[in-house]
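To start, the structure itself, in structure tokens.
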Amino acid sequence: MPRSERSPLLLAGLLAAAGVAHFAAPRQFDHLVPRALPGSPRAWTYGSGAVELALAAGVATRRTRPLAARAAAAFFVGVFPANVKMAVDWRHRPAPQRKAALARLPLQVPLVLWARGVARNGEGRA
Numbered sequence: 004m005p006r007s008e009r010s011p012l013l014l015a016g017l018l019a020a021a022g023v024a025h026f027a028a029p030r031q032f033d034h035l036v037p038r039a040l041p042g043s044p045r046a047w048t049y050g051s052g053a054v055e056l057a058l059a060a061g062v063a064t065r066r067t068r069p070l071a072a073r074a075a076a077a078f079f080v081g082v083f084p085a086n087v088k089m090a091v092d093w094r095h096r097p098a099p100q101r102k103a104a105l106a107r108l109p110l111q112v113p114l115v116l117w118a119r120g121v122a123r124n125g126e127g128r129a
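Below, the structure written as structure tokens:
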């Protein structure tokens with residue numbers, strides 16, 4: 004399978020795995036929800052997981068791929084505050100955990116670019 008065909012499926016797989024994780028182990032995500040958001044952290048955890056599963060299905064489907072991939076790029080931008088919160092909250096944890104939390108911040112950029120690339124390729128552009 005050519006790389007251009009694998010890329011959307013890998014992105015869909017990543018989104019699906021993250022979405023399932025939000026339901027399988029919600030506690031680990033609850034503490035990432037910024038306190039400024041209304042409602043319970045668990046509702047945001049489940050909502051985020053549901054969005055990731057929907058995005059995964061959309062990216063995996065050729066017909067909906069361009070729109071779903073653009074939405075995934077926006078989603079990756081939208082969850083950035085949770086990653087910032089994690090980095091701030093984990094600043095006093097042991098070095099490996101602190102480094103992992105900090106590493107998540109710049110990793111959002113390639114995720115956004117990957118989703119945008121999938122959207123462009125899904126529209127028939129090289």
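Heads up: the sequence shown begins at 4 in the numbering used here, then just goes up one per residue.
Ideal Cβ placement from N, Cα and C applies to all residues, glycine included.
Just how far apart, CA to CA, sit residue i and residue j?
| i | j | result |
| --- | --- | --- |
| Arg45 | Arg30 | 8 Å |
| Val54 | Gly22 | 7 Å |
| Ala129 | Arg65 | Note on Ala129: pLDDT 38, under 50, position unreliable in the model; the coordinate value appears next. Approximately 16 Å, taken between the alpha carbons. |
| Phe79 | Arg96 | 25 Å |
| Leu13 | Leu114 | 12 Å |
| Arg107 | Asn86 | 7 Å |
| Ala103 | Ala122 | 29 Å |
| Asn124 | Leu116 | 12 Å |
| Ala39 | Arg68 | 32 Å |
| Pro11 | Gly81 | 20 Å |
| Leu105 | Glu8 | 31 Å |
| Leu56 | Pro109 | 23 Å |
If distances are taken between C-alpha atoms only, which option among the options comes closest to residue i?
| i | options | result |
| --- | --- | --- |
| Arg73 | Gly61, Val87, Leu108, Trp93 | Gly61 |
| Gln89 | Ala20, Glu8, Leu35 | According to the sequence provided, residue 89 is Met. The question's Gln does not apply to it. Met89 has its Cα closest to that of Leu35, out of Ala20, Glu8, Leu35. |
| Pro37 | Leu105, Pro11, Thr48 | Thr48 |
| Asp33 | Asp92, Gly120, Leu105 | Asp92 |
| Gly120 | Ala77, Pro109, Arg94 | Ala77 |
Is it the case that the Cβ atoms of residue i and residue j are separated by a distance below 8 Å?
| i | j | result |
| --- | --- | --- |
| Leu18 | Leu58 | yes |
| Gln100 | Phe83 | no |
| Ser43 | His25 | no |
| Ala75 | Ala118 | yes |
Item to check | Completely contained beta strand (DSSP E) runs for the segment 99–128, where each covers 3 or more residues | outcome: Those beta strand (DSSP E) runs which fall completely within the segment 99–128 and span 3+ residues do not exist here.
Checklist entry - Which runs of the alpha helix (DSSP H) spanning at least 4 residues fall entirely within the segment 41–106, listed in chain order? => result Complete alpha helix (DSSP H) runs here, min 4: 44–63, 68–81, 83–92.
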